[in-house]
Each structure stands twice: as structure tokens, then as C-alpha cells.
Amino acid sequence: MVIPIDERSKYGRKLSRYICKHACGYFPVTLYVEDIKAFDPNRAYVFGYEPHSVLPIGVVALADLTGFLPLSKIKVLASSAVFYVPFLRHIWTWLGLTPATKKNFTSLLASGYSCIIVPGGVQEPCLMEHGCEVAFLKSRKGFVRIAMEMGRPLVPVFCFGQSHVYKWWKPGGNLYLQFSRAIKFTPIFFWGIFGSPLPYRHPMDVVVGRPIEVKKNAQPTVEEVIEVHGQFVEALNDLFEKHKARVGHADLQLKIL
Numbered sequence: 017m018v019i020p021i022d023e024r025s026k027y028g029r030k031l032s033r034y035i036c037k038h039a040c041g042y043f044p045v046t047l048y049v050e051d052i053k054a055f056d057p058n059r060a061y062v063f064g065y066e067p068h069s070v071l072p073i074g075v076v077a078l079a080d081l082t083g084f085l086p087l088s089k090i091k092v093l094a095s096s097a098v099f100y101v102p103f104l105r106h107i108w109t110w111l112g113l114t115p116a117t118k119k120n121f122t123s124l125l126a127s128g129y130s131c132i133i134v135p136g137g138v139q140e141p142c143l144m145e146h147g148c149e150v151a152f153l154k155s156r157k158g159f160v161r162i163a164m165e166m167g168r169p170l171v172p173v174f175c176f177g178q179s180h181v182y183k184w185w186k187p188g189g190n191l192y193l194q195f196s197r198a199i200k201f202t203p204i205f206f207w208g209i210f211g212s213p214l215p216y217r218h219p220m221d222v223v224v225g226r227p228i229e230v231k232k233n234a235q236p237t238v239e240e241v242i243e244v245h246g247q248f249v250e251a252l253n254d255l256f257e258k259h260k261a262r263v264g265h266a267d268l269q270l271k272i273l
């Protein structure tokens, strides 16, 4: 952890570009953008990505190194816990991840970076259920408030198939939820091929909705935040229902908690 990180490292970025390229081909990951022309390369956006699943691997389709989106400045906000492991924290940084703090979020948006956030955070995996998708969204309004304060459009994103790349088991109960929140990490048992951390090869379809324009408001009221948050939740649910049959998940249900 004491080794300095150069996020612009030539070799680090080269390694990350290799990871992104082969990760997309491994599953494979397909990106579908409802209206690609709605994205201005000179603007910053707040992407609300769901679900978290065991790991939000499908977010690789939105990375700047992948190059699928017409946006050159993109950062992924992740739990600070993933940066505690030596060397891995270098990989995450080169891949475009950064700790999900309010300071980072606002400064990146102010600098013209689009930010990808999983609103459900570390609590969402605690609520996962087999056989359906879960989005822990109803009480998660902080990202909406920041988008309003900065005047950045909100973009709903849903990844189909991500919940199948790992098998998993987790304990239940409120104590487990409280513990996960306290350590900013979800202690969950998961495994892939031959019981290893290598995920199963299962197709993932990442669907990006149309941007929701947000009027800049330095001090939005609770009511105003609730209104825009409701628009985002509705847009995400509509995105899910509209595309689930097209990508082969016609019977899949989404629970918004």
C-alpha cells in the first residue's frame, strides 16, 4: 500500500487496456446504448449502474479504455475497501476506479469526468436473492443530490447476466448487514470455475438508457431530490422491463428495495 500509484503509468494503462479487451471477449460483454447521439463528449454524466451482484464486472463495458462510449474521461466509484490490498489497488486505479467518497465524486464531476456509481453499494449484495435481480435504491439518494448540485445528467444502466458469472452463498440477518456496512465490504462466499475466483463464461448485456437532464441546483430541497430520484428509479425499471426479453431474460423479475 505504500508503493506510490501513477494513474497515468504507461505500462499500467497498457495492462488495463489488455484486461478490458479480454474481459469483454471472455464472457462476452455486449453494450447496448439506447441513444448514443444523446451523449456529448464534452459533458460529464452520472451513470447509475445496477445490479451490484457479487462483483459489478459488467462495468468494464463502460470503461474509457474499452472505448465503447464516446466519452474519454470516465471514472468508476468503488468501495474504499478494494484499495486496501497491495498491488491490486494499483490495478484498480489503472482501470479507472477511485474511492467512492463525496469529495472524489464532486471533484471529478467538476473536472469534467463522467462517474459510474453502483447506488446500492456494499449493502446490495447482502440483499441478493437467487432467481431474481435486486436493486437497493429506495433510500439511496446521495448520488442524485450530487448530480443535481453539479448539474450533471443521470443515466440509468442495467447489466443482464452479471448475476450468473459467480455462484454464491451468504448468511442472513441484520447483524450481517450491519457488519458489511461497517467494514464497507460484503463478506460473501462466492466461486467460479472449479471453485476458483475465475468467473463462469456467461454472456452479459449492459444496457444504457437515455440521459435524464438535471437542472443545476446548489441546494436542492429534500422534495426536489425525491422527485428526481423517483425519475431515475422509474427510468431504470423501464429500462429493465423494455430490454429483458430482447436479451433472453423474459421471465426475470427486478425487485427495487
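Take 17 as the starting number for the sequence shown in the working numbering and just add one per residue.
C-beta: ideal position from N, C-alpha, C; glycine also.
Grouping DSSP H, G and I as helix and E and B as strand, with all else coil, what is K37?
helix
Please confirm if the segment 204–211 is in contact with the segment 23–41, defined as three or more CB-CB distances below 8 Å between the two stretches.
no
Return helix, strand or coil for G167, following the three-state DSSP convention.
coil
Just to confirm my understanding: we take Q269, look at its own chain, exclude 5 residues before and 5 after, and list those with CB closer than 6 Å. What are they?
C148
DSSP-derived helix/strand/coil call for V303:
Beyond the ends of the chain as shown, which are 17 and 273, falls residue 303; an answer cannot be given.
Going by DSSP in three states, D56 sits in which element: helix, strand or coil?
coil
Cut-off 6 Å between Cβ atoms - residues of its own chain near T46, not counting five sequence neighbours on either side
D221
So, using beta-carbon positions, are I133 and L81 closer together than 9 Å?
no
Note down, in chain order, each residue of its chain lying with its Cβ closer than 8 Å to the Cβ of G167, except the 5 sequence neighbours on either side.
V230, K231, K232 and N233
Is the CB-CB distance between K271 and V160 below 9 Å?
no
For I4, three-class secondary structure by DSSP
Residue coverage of the chain in this structure runs from 17 to 273, which leaves residue 4 outside it and unanswerable.
8 Å Cβ shell around P44 - same chain, five flanking residues per side excluded:
P219 and M220
Can you give me the Cβ contacts of G137 inside the same chain, cut-off strictly under 8 Å, excluding the 5 residues immediately before and after it?
H68, S95, A116, F152 and R156
Kindly identify the DSSP beta-bridge partner or partners of V49.
V224
Where I12 falls, given that 16 or more other Cβ within 10 Å makes a residue buried:
The structure shown does not extend to residue 12, since the chain spans only 17 to 273, so no value can be given for it.
Can you give me the C-alpha to C-alpha distance between I259 and G41, rounded to a whole angstrom?
Before going on, a small fix: residue 259 reads as His here, not Ile. Near 21 Å, if we compare the C-alpha coordinates of G41 and H259.
Please state if the CB of Y182 and the CB of P215 are separated by a distance shorter than 9 Å.
yes
Let's see if you can read the secondary structure: which residues bound the beta strand (DSSP E) around F63?
V62 to E66
To the nearest whole angstrom, what separates the beta carbons of L87 and S130, a pair I think is in contact under 8 Å?
5 Å
Given that a residue counts as buried once 16 or more other Cβ atoms are within 10 Å of its Cβ, and exposed if not, what is T109?
buried
Less than 8 Å between the CB atoms is what I'm expecting for S179 and Q139, so what's the real figure, rounded?
Not confirmed; about 16 Å, so no contact.
Spatial neighbours of V224 within its chain, please: CB distance less than 6 Å, with the 5 preceding and 5 following residues excluded, ordered by chain position.
V49 and V173
Kindly indicate which residue of G264, E165, W184 and E239 has the alpha-carbon position closest to the one of V70.
W184
With burial defined as no fewer than 16 other Cβ atoms inside 10 Å of the residue's Cβ, what is the status of Y27: buried or exposed?
exposed
Nearest to G246 by CA position, among G177, G158 and R217, is which residue?
G158
Would a C-beta distance cut-off of 9 Å place I228 and F248 closer than the cut-off?
yes
Beta-carbon contacts of T90 that lie in its chain and below 7 Å, excluding the five residues immediately before and after
Note that residue 90 is Ile in the sequence shown here, rather than Thr. If we look at I90 and ignore the five residues flanking it on each side, its Cβ neighbours are L78, A79, D80, G112, Y129, S130 and I132.
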